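Chemist: Just so you know, we're using the working numbering here: the sequence shown kicks off at 7 and counts up by one.
We put the beta carbon where it would ideally sit given N, CA and C, even for glycine.
Please read all numbers here as calculations on a predicted model, not as lab measurements.
Structure below; questions to follow.
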Amino acid sequence: MDPDGPPPDRLPEGGLLKRSLVIAGHRTSVSLEAAFWEALRRLAAARGLSIQALVGRIDAERGEQNLSSAIRVFVLRAVWPGEGSVGPADIRREAQPVRG
């Protein structure tokens, strides 16, 4: 995947991508579809965070839920139309490349 991501009007296609992150001092691997990684990157950038920092926040609030599932739910809630959501257009407009 291009480190700067796909064009702002498209999410990447592709299967699962596994990435290693350090969360709360522990190294862990997370598997997500390419589109979820890109959406997560854009959401992190819109918040001024690295992917790792945003995943750390998601991890801290997920309870017993699987981390990959918690990330997917976070992304869906962030872009779902409704109160407090950030729409895809907002993500595209505010996002800057963040390496994490």
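Trp86: buried (16+ other C-beta within 10 angstroms of its C-beta) or exposed?
Modeler: exposed
Chemist: Over what stretch of residues does the alpha helix (DSSP H) that includes Ser75 continue unbroken?
Modeler: Leu73 to Val85
Chemist: What are the start and end residues of the alpha helix (DSSP H) that includes Leu27?
Modeler: Per DSSP, Leu27 belongs to no alpha helix (DSSP H); it is in the beta strand (DSSP E), Leu22 to Ile29.
Chemist: Say whether chain D places a C-beta atom closer than 7 Å to the C-beta of Leu22.
Modeler: Among the chains of the structure shown, chain D does not appear; only one protein chain is present.
Chemist: Quick one: give me the first and last residue of the alpha helix (DSSP H) that Leu46 is part of.
Modeler: Unbroken alpha helix (DSSP H) run through Leu46: Ala40 to Ala52.
Chemist: Exposed or buried, Leu38, counting other C-beta atoms within 10 Å across all chains shown (16 or more means buried)?
Modeler: By the 10 Å Cβ count, Leu38 comes out buried.
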